[in-house]
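Q:
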Amino acid sequence: MDFCADFHFIVIHFCVLVRLVKVQKIDRRVAWVRVDTQTILSIHHNVITQNPRISLSYNDHRSWYLHIKNVQEVDRGWYMCQVNTDPMRSRQGYLQVVVPPSIIDRETSSDMVVLESTNVSLTCKATGYPDPYVMWRREDGDDIRYNGENVNVVDGEILFITKVSRLHMGVYLCIASNGVPPSISKRVQLKVQFPPMLSIPNQLEGAYIGQDVALECHTEAFPTSINYWTTDRGDMIISGSDKYEAVSMDSGYKKYMMLKIRKVHKNDFGSYRCVAKNSLGETDGVIKLEEIPAPTTMKSIILQTSSSQFKKGTAGDDRRDYDANSEKKFDDSRISAEYDYDGEYTLPSNGPPPIDQPPTMQSGSSSPSVRGATLIICILCCINLIHHPLRYVVYRWVDI
Ligand SMILES: *[C@@H]1O[C@H](CO)[C@@H](O)[C@H](O)[C@H]1NC(C)=O
1052 MDFCADFHFI VIHFCVLVRL VKVQKIDRRV AWVRVDTQTI LSIHHNVITQ
1102 NPRISLSYND HRSWYLHIKN VQEVDRGWYM CQVNTDPMRS RQGYLQVVVP
1152 PSIIDRETSS DMVVLESTNV SLTCKATGYP DPYVMWRRED GDDIRYNGEN
1202 VNVVDGEILF ITKVSRLHMG VYLCIASNGV PPSISKRVQL KVQFPPMLSI
1252 PNQLEGAYIG QDVALECHTE AFPTSINYWT TDRGDMIISG SDKYEAVSMD
1302 SGYKKYMMLK IRKVHKNDFG SYRCVAKNSL GETDGVIKLE EIPAPTTMKS
1352 IILQTSSSQF KKGTAGDDRR DYDANSEKKF DDSRISAEYD YDGEYTLPSN
1402 GPPPIDQPPT MQSGSSSPSV RGATLIICIL CCINLIHHPL RYVVYRWVDI
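Note that the numbering used here gives residue 1176 to position 125 of the sequence shown, counting from 1, and the numbers run on in steps of one.
Encoded structure:
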């Protein structure tokens, strides 16, 4: 049994030990060779290579170890041990070095601010071995409107959005994986700017003298708009008086505005304006407050409300519950109609690519008794490897 009958790799803190045992006659000489580069690494007790990371050890001259410290990608390849029998015996093994993915920051998009309706391209570049698989998705898990479909994940390095809309606003994750943990991701925030838009549920409000009334406006804008109310004459209405209370509620780029007018007086009838302004523009809308007769009997009120545009419930119920209804009345059907989601989406299969198989090797000097032996795959997880990119090393021995 004068050959490399049983060798395997051991990884300890990035040191690879290539072990050869069972050399029957202890005076046999053993050499280690790097096959790819035709380099002799060691002969018997002497390390020949200049590579300071490579060393040699042996026990009782039956077990021989080749040590590779601080394994690098350049160490990937075929290794051979030879025993000087006649004929010479040898065995080869492939050392696979894998590298977890990392994202190349300077080639990857960072946070972006764009105008609505422009084309946007987010790019993500990653390295690692094997080549990483890269995909984009939203951090909040929502679907992305993409090429007319709603998709949860976009495969590839580039996320190209044509005619970006406000619905695309959010945080995106570029995720790179190659089967070598850990996968890595980068956050890219996309902000979409657009001038204010405004919608008014009721442009005509009715109230009788002495009643409390509420006017409502919905706006959308990014950057966030400044919103306020004015009177007919354009005077800004100051909230917090006994007369007026202005309420504003934000939800992302949407705003709900409400102006409450207490104890409506004759002077209060007329037009009110809600205004929204941001750096890209300004818009306003007019709500008319008209007098209606004070309620006398229920019958007259029902007639009144059903034959006019006046909002239901203004009479006979002069304390409306604004807050409870505000969410429901937030009518964005007009604004978002063009983004109706109807596409179907199936998740792409996104498993990591397989680790490349090493090239098969031919050798005329292999021992028949070991040919066809099974592969020994030894995967050992290294510890204490912080700051080192080569977290995992996979070894695959092939008998030849
Ligand atoms: C945006 O992309 C679309 C599709 O590639 C293209 O037809 C259009 O010309 C682009 N628009 C601009 C402003 O670049």
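Every residue, glycine too, gets a C-beta built ideally from N, C-alpha and C.
#1: Which residues bound the beta strand (DSSP E) around Gly1321?
#2: Measuring alpha carbon to alpha carbon, tell me which residue in Asp1137, Glu1158, Gln1123, Thr1169 is nearest Val1149.
#3: Please write down, chain order preserved, every residue whose beta carbon lies under 5 Å from a heavy atom of ligand 1.
#4: Measure how close the beta-carbons of Ser1160 and Thr1169 come, nearest whole angstrom, since I'm counting them as under 8 Å.
#5: Between the alpha carbons of Ser1120 and Arg1140, how many angstroms are there, rounded?
#6: May I ask you to report which of helix, strand or coil DSSP gives Glu1200?
#7: Could you give the distance in angstroms between the alpha-carbon of Pro1181 and the alpha-carbon of Thr1088?
#8: Cβ atoms of Trp1187 and Val1205: under 8 Å apart, would you say?
#9: Near Val1010, what residues of its chain come up, given a Cβ to Cβ distance below 6 Å and the 5 sequence neighbours on each side ignored?
#10: Does DSSP classify Glu1267 as helix, strand or coil?
#11: Report the three-state DSSP secondary structure of Asn1097 (helix, strand or coil).
#12: Just verifying my parser: in three-state terms, what is the DSSP assignment at Val1315?
#13: For Gly1179 and Ser1153, which I take to be in contact (beta-carbon distance under 8 Å), what is that distance rounded to the nearest angstrom?
#14: Does the beta-carbon of His1219 have 16 or more other beta-carbons within 10 angstroms, so that it is buried, or is it exposed?
#15: Mapping DSSP to helix, strand and coil, what is Arg1080?
#16: From Asn1253 to Ile1289, what does the alpha carbon distance come to, in whole angstroms?
#17: Given a cut-off of 8 Å, decide if Glu1296 and Lys1311 are closer than it, judged by their beta-carbon atoms.
#18: Rounding to the nearest angstrom, what Cα-Cα distance links Pro1274 and Thr1281 in this structure?
#19: Looking at the strands, I want to know which residues DSSP matches up with Ile1343.
#20: Along the chain, where does the beta strand (DSSP E) containing Cys1132 start, and where does it finish?
#21: Quick one: is Leu1146 buried, meaning 16 or more other Cβ sit within 10 Å of its Cβ, or exposed?
#22: So, does the segment 1262-1270 touch the segment 1187-1198, judging by three or more C-beta pairs under 8 Å?
#23: Tell me which residue opens and which closes the beta strand (DSSP E) that Met1287 is part of.
#24: Starting from the Cα of Gly1261, find the closest Cα among Asp1319, Gly1230, Pro1233, Gln1240 and give me that residue.
#25: Give me the Cβ distance between Val1086 and Trp1115, rounded to the nearest whole Å; I'm assuming they're in contact under 8 Å.
#26: Can you tell me which residues form a DSSP beta bridge with Arg1189?
#27: Which class does Glu1333 belong to by DSSP, given the choice of helix, strand or coil?
#28: Got a sec? Which residues, its chain only, sit under 6 Å from Asp1393 by beta carbon, not counting five neighbours each side?
#29: Taking just the CA atoms, how far does Leu1249 sit from Val1222?
#30: Span of the beta strand (DSSP E) holding Gln1143?
A: In short:
#1: Residue numbering aside, residue 1321 sits at position 270 when the sequence shown is read from its first letter. In the DSSP annotation of this structure, the continuous segment of the beta strand (DSSP E) that includes Gly1321 starts and ends at 1321-1329.
#2: Counting from one through the sequence shown, the residue named residue 1149 turns up at place 98. Ranking the options by Cα distance to Val1149, first place goes to Gln1123.
#3: Listed by position along the chain, the residues with Cβ atoms less than 5 Å from a non-hydrogen atom of ligand 1 are Asn1170, Thr1213.
#4: Locating residue 1160 in the sequence shown gives position 109, where the first residue counts as 1. Locating residue 1169 in the sequence shown gives position 118, where the first residue counts as 1. Rounded to whole angstroms, the Cβ separation of Ser1160 and Thr1169 is 15 Å, and the two are not in contact under 8 Å.
#5: For this step, residue 1120 is matched to residue 69 along the sequence shown. For this step, residue 1140 is matched to residue 89 along the sequence shown. According to the sequence provided, residue 1120 is Lys. The question's Ser does not apply to it. Using only the alpha carbons, I get a separation of about 27 Å.
#6: Within the sequence shown, residue 1200 is the residue found at index 149, counting from 1. In the three-state DSSP reduction, Glu1200 falls in the strand class (E or B).
#7: For the purposes of this step, residue 1181 is identified with residue 130 of the sequence shown, where counting begins at 1. For the purposes of this step, residue 1088 is identified with residue 37 of the sequence shown, where counting begins at 1. If I take the Cα positions, the gap works out to 22 Å.
#8: Reading the sequence shown from its first residue, position 154 is the one you call residue 1205. Reading the sequence shown from its first residue, position 136 is the one you call residue 1187. A contact, by the Cβ cut-off of 8 Å.
#9: Since the first residue shown for the chain is 1052 and the last is 1451, residue 1010 is missing from the structure and cannot be characterised.
#10: Taking the first residue of the sequence shown as 1, we reach residue 1267 at position 216. In the structure shown, Glu1267 sits in a strand (DSSP, three-state: E or B).
#11: Locating residue 1097 in the sequence shown gives position 46, where the first residue counts as 1. Residue state, collapsed to three classes: strand.
#12: Looking up residue 1315 in the sequence shown gives position 264. In the structure shown, the three-state DSSP call for Val1315 is coil.
#13: The residue given as residue 1179 occupies position 128 in the sequence shown. The residue given as residue 1153 occupies position 102 in the sequence shown. Confirmed, Cβ separation roughly 6 Å.
#14: Residue numbering aside, residue 1219 sits at position 168 when the sequence shown is read from its first letter. Buried, by the Cβ-count rule.
#15: Locating residue 1080 in the sequence shown gives position 29, counting from the first residue. Look at Arg1080 here: in three-state DSSP terms it is coil, with no helix or strand label.
#16: Locating residue 1253 in the sequence shown gives position 202, counting from the first residue. Locating residue 1289 in the sequence shown gives position 238, counting from the first residue. Between Asn1253 and Ile1289, the C-alpha separation is close to 22 Å.
#17: For this step, residue 1311 is matched to residue 260 along the sequence shown. For this step, residue 1296 is matched to residue 245 along the sequence shown. The Cβ atoms of Lys1311 and Glu1296 lie closer than 8 Å to each other.
#18: Your numbering for residue 1274 matches position 223 in the sequence shown. Your numbering for residue 1281 matches position 230 in the sequence shown. Distance between the alpha carbons of Pro1274 and Thr1281 is about 22 Å.
#19: What you label residue 1343 is simply residue 292 of the sequence shown in a count that begins at 1. According to DSSP, which records beta bridges pairwise, Ile1343 is partnered with nothing at all.
#20: Here residue 1132 corresponds to residue number 81 of the sequence shown, with the count starting at 1. Counting along the chain, the beta strand (DSSP E) containing Cys1132 begins and ends at 1128-1134.
#21: In the sequence shown, counting from the first residue as 1, residue 1146 sits at position 95. Around the beta-carbon of Leu1146, 16 or more other beta-carbon atoms lie within 10 Å, marking it buried.
#22: No: the two stretches stay apart, fewer than three of their Cβ pairs being nearer than 8 Å.
#23: Here residue 1287 is taken as the residue at index 236 of the sequence shown, counted from 1. Where Met1287 is concerned, there is no enclosing beta strand (DSSP E), given that its DSSP letter is neither H nor E.
#24: As a position in the sequence shown, residue 1261 is number 210, starting the count at 1. Comparing Cα-Cα distances from Gly1261 to each of Asp1319, Gly1230, Pro1233, Gln1240, the minimum goes to Asp1319.
#25: The residue labelled residue 1086 in the question sits at position 35 within the sequence shown. The residue labelled residue 1115 in the question sits at position 64 within the sequence shown. Val1086 to Trp1115, Cβ: 17 Å. No contact.
#26: Against the sequence shown, residue 1189 aligns to sequence position 138. Per the DSSP secondary-structure output, Arg1189 pairs in a beta bridge with Tyr1223.
#27: Taking the sequence shown and counting its residues from 1, one reaches residue 1333 at position 282. If DSSP states are grouped into helix, strand and coil, Glu1333 belongs with the strands.
#28: For the purposes of this step, residue 1393 is identified with residue 342 of the sequence shown, where counting begins at 1. Low confidence applies here, because Asp1393 scores a pLDDT of 36, under 50, leaving its location unreliable; read the following figure in that light. So the list is empty, once near-sequence residues are dropped.
#29: Translated into positions along the sequence shown, residue 1222 becomes position 171. Translated into positions along the sequence shown, residue 1249 becomes position 198. Using only the alpha carbons, I get a separation of about 25 Å.
#30: Numbered from its first residue, the sequence shown carries residue 1143 at position 92. Taken as a continuous stretch (DSSP letters only), the beta strand (DSSP E) holding Gln1143 covers 1140-1148.
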